[in-house]
DNA sequence: ACCTGAAATTGAAACGTTTCAGGCCGCTCG
DNA sequence: CGAGCGGCCTGAAACGTTTCAATTTCAGGT
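Residue numbers (the numbering used here), protein chains in the order written: chain A, 9 to 354; chain B, 9 to 354.
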């Protein structure tokens, strides 16, 4: 046992100073600028710190510094492996420079998102990585109004408004539907979550582009709404799909969770994939390849998105900090990639 | 636009007080005890707050209060849907009482875990929900030494040492292996992650119990080590499995991620599940049911674990706070449930 | 003996809150 | 009319740091 005679938070720098027979300023220097302190004193103070189990109060430190060492990350759905992967990428990059990461879950709800943004502002977080749950841009407005550095994740933004790292969702949707059309499908359903999410909208737009470029009428791709973006919602959508008058021959889902849910529903009803209905998902989460019928999906470089976003945020805070010389926001758009598997093969 | 003329953090309670023509104490009361302030003053102060875009500094507040309004949650693997679900359960319960949740990922590494525990101590978090990455109990020791309230998640602890919410892993392992033995299997491999994790050890112990109770020799269940607990590690293990001299007829995995990886490896090698090799996983994550061969798995009530842990933590902090009357730690052990699917059916 | 400069240390201000003892005012009660 | 009271408000202390100007100490140069 090394010590810890007192309870954390009970012993402050003052008590350490008293026991070591020095002033508080010196103790602070031992911790933050050891070079300024003589060897003898340094050793004595370190001993006192050890003996008392002193832990510096980051809270007090932050108060003085005006900003915290924590970056907040707000994602649409922690239970979605895609976001978990993005978070992991960001976390690694931020930990490397000694910043803590607070991962939070808006669950796609604008009101939960607003709650969290308020919390972040009160906490004076260093910055925020956020995938907006709100299509209206109110998220960005709120952050800018409060002067909190931020980077949009998986959603793009004009460069004069802020940094963003996204994947070209319109292109992704285009690739998916183009693939289905090439396979001969002419009745395709788009199973999408709430349309106020940009991702959901853009992927549909991309799909419609593909339809038009093929010289086909718009109604070749018809949306089938879904209120959430999880497996259960996918099962619901699958069931509704089967009740449709003109049953589609292919389904494009806004993400893999939905696609896996649809797959389960189709399977339960004895509908064969891809023979009766072809299926394409989005995100290419690890489980897509392991599904009952391996899932064709649009792959996004999840970890890279997270890492890149973290780097942009660091650049922004560094440059904004010292001598506020205008920071040039960057808008990074990564490319998706279609991974064809059994679920859409003839 | 409602205001926000200044940058967040720039305007404090003092400036608000000046503009509203009152003292700082009154502004504080408007925010925290509105009843103590006259209507007229309250309105005037509120207007000033709005106009200036004032946001209370939680940092300063915490400094005064001595503790923060944030609870930390440290899990083994955020990318594992089981933990994501646990986190979700805890988050909901804590948000309901106005506490923020900081979810962090130790990735099963004791050193990352130690880093995070140090961060939490400096942040003076209200409490910690943790699944230890370190089998030795050093995690618990560290937390207790620092006086940080904690609840162990998915890991049990004697009641005199602290609160814990776990699922009976020994029983779960027993159920899984008993099921395989009943189906006639006599060569069973246990694919487990690093043995320093209690979960991995206990599930194996349970399996061995089942073997013994069936009056069979211990080597019916042989461990096949794996350094991590993810899908890729499962694929590795699956490949090694196939090279074994006496190829087992069944495989029990320490979690579903491993099982899905094994499944992929077996499938790639043309080995049929369950015909050639039966497979049982653990956790019953949502994707287990949607796998190429629906996976038999030991289900754990994930969300409930999270919620229960959060409640215990709240009880502990509430009771410890006011007048330190000895808090009775609780040790809650939930029951697992075997869900039989195709991967282990004859 | 005196001055200089570097090295080591001190002491106090400042960060933005909350809390609390007290002050002031206008009423009501005796 | 004075005392007492309740409602409203003020001003300052305290929380635990960091930072910085000021002070002390000491060795070395003249």
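Note that the Cβ used here is the ideal one computed from N, Cα and C, for glycine as well.
List the residues of chain B that residue i touches, going by C-beta distances under 9 Å, in chain order.
| i | result |
| --- | --- |
| residue 94 of chain A | None at all; the shortest Cβ gap to chain B is about 10 Å. |
Establish whether the CB of residue i and some CB of chain A are separated by less than 9 Å.
| i | result |
| --- | --- |
| residue 154 of chain B | yes |
| residue 298 of chain B | yes |
| residue 302 of chain B | yes |
| residue 353 of chain B | no |
| residue 12 of chain B | Legend: pLDDT at residue 12 of chain B = 43, less than 50; position of this residue unreliable, no value from coordinates given. |
| residue 177 of chain B | no |
| residue 235 of chain B | no |
| residue 244 of chain B | no |
| residue 356 of chain B | Any property of residue 356 of chain B remains undetermined from this structure, which presents chain B solely from 9 to 354. |
| residue 331 of chain B | For residue 331 of chain B, the predicted model reports a pLDDT of 48, less than 50, meaning its position is unreliable; a value from the coordinates is still stated below. No - not a single Cβ of chain A is within 9 Å of the one on residue 331 of chain B. |
9 Å is my cut-off, CB to CB: does residue i come that close to chain B?
| i | result |
| --- | --- |
| residue 67 of chain A | yes |
| residue 294 of chain A | yes |
| residue 315 of chain A | no |
| residue 239 of chain A | yes |
| residue 87 of chain A | yes |
| residue 76 of chain A | yes |
| residue 18 of chain A | yes |
| residue 4 of chain A | Because residue 4 of chain A is not part of the residues shown, which for chain A are 9 to 354, the question remains open. |
| residue 64 of chain A | yes |
| residue 326 of chain A | no |
| residue 291 of chain A | no |
| residue 349 of chain A | no |
Which residues in chain A sit within 8 Å of residue i, going by Cβ to Cβ distance?
| i | result |
| --- | --- |
| residue 61 of chain B | 153, 154 |
| residue 308 of chain B | Neighbours of residue 308 of chain B on chain A: none; closest Cβ ~15 Å, over 8 Å. |
Applying a beta-carbon distance threshold of less than 7 Å, which residues of chain A neighbour residue i?
| i | result |
| --- | --- |
| residue 382 of chain B | The shown model of chain B, from 9 to 354, leaves out residue 382 of chain B, and the question about it has no answer. |
| residue 163 of chain B | Under the 7 Å cutoff, chain A gives no residues; its nearest Cβ is about 21 Å from residue 163 of chain B. |
List, in chain order, every chain B residue whose beta-carbon is nearer than 7 Å to that of residue i.
| i | result |
| --- | --- |
| residue 127 of chain A | 108 |
| residue 169 of chain A | Chain B residues near residue 169 of chain A: none, gap ~16 Å exceeds 7 Å. |
Please report the Cβ distance between residue i and residue j, rounded to the nearest whole angstrom; I am assuming they are in contact, meaning their Cβ atoms lie under 8 Å.
| i | j | result |
| --- | --- | --- |
| residue 261 of chain B | residue 215 of chain B | The Cβ separation is near 11 Å, so there is no contact. |
| residue 249 of chain A | residue 259 of chain A | 7 Å |
| residue 268 of chain A | residue 245 of chain A | Wrong, their Cβ atoms sit about 11 Å apart, outside the cutoff. |
| residue 146 of chain B | residue 78 of chain B | Not quite, the Cβ-Cβ distance comes to about 23 Å (not below 8 Å), so this is no contact. |
| residue 282 of chain A | residue 353 of chain A | 6 Å |
| residue 228 of chain A | residue 194 of chain A | 6 Å |
| residue 54 of chain A | residue 38 of chain A | 7 Å |
When every heavy atom of the ligand ATP is checked, does at least one fall within less than 8 Å of the C-beta of residue i?
| i | result |
| --- | --- |
| residue 240 of chain B | Absence of the ligand ATP is noted for the structure shown, with no ligands found whatsoever. |
Query raised in the report: Is there contact between the stretch 301 to 311 of chain B and the stretch 173 to 183 of chain B, where contact requires at least three CB pairs shorter than 8 Å?
Result: yes
Query raised in the report: Between the stretch 184 to 217 of chain B and chain A, which residues of the former have a C-beta closer than 9 Å to a C-beta of the latter?
Result: none
**Report entry** Contacting positions in the stretch 98 to 112 of chain B - beta carbon closer than 9 Å to chain A
**Finding:** 99, 103, 108, 109, 110, 111, 112
Query raised in the report: Listed in chain order, which residues of the stretch 260 to 282 of chain A have Cβ atoms closer than 7 Å to some Cβ of chain B?
Result: Only those residues of the stretch 260 to 282 of chain A whose C-beta falls short of 7 Å from the nearest C-beta of chain B are listed: 268, 271, 272.
Query raised in the report: Is there contact here, the stretch 94 to 112 of chain B with the stretch 109 to 125 of chain A, by at least three beta-carbon pairs under 8 Å?
Result: yes
Query raised in the report: Is it a yes or a no for the stretch 224 to 236 of chain B touching the stretch 194 to 205 of chain B, going by three-plus beta-carbon pairs under 8 Å?
Result: Enough Cβ pairs lie closer than 8 Å, so yes.
Query raised in the report: Three or more beta-carbon pairs under 8 Å between the stretch 81 to 92 of chain B and the stretch 114 to 133 of chain B, yes or no?
Result: yes
Query raised in the report: Counting pairs of Cβ atoms below 8 Å between the stretch 125 to 139 of chain A and the stretch 129 to 144 of chain B, do you hit three or more?
Result: no
**Report entry** Touching by the beta-carbon criterion (3+ pairs, under 8 Å), the stretch 56 to 66 of chain B and the stretch 17 to 34 of chain B
**Finding:** yes
Query - At least 3 beta-carbon pairs within less than 8 Å: the stretch 182 to 191 of chain A vs the stretch 211 to 226 of chain A - result: yes
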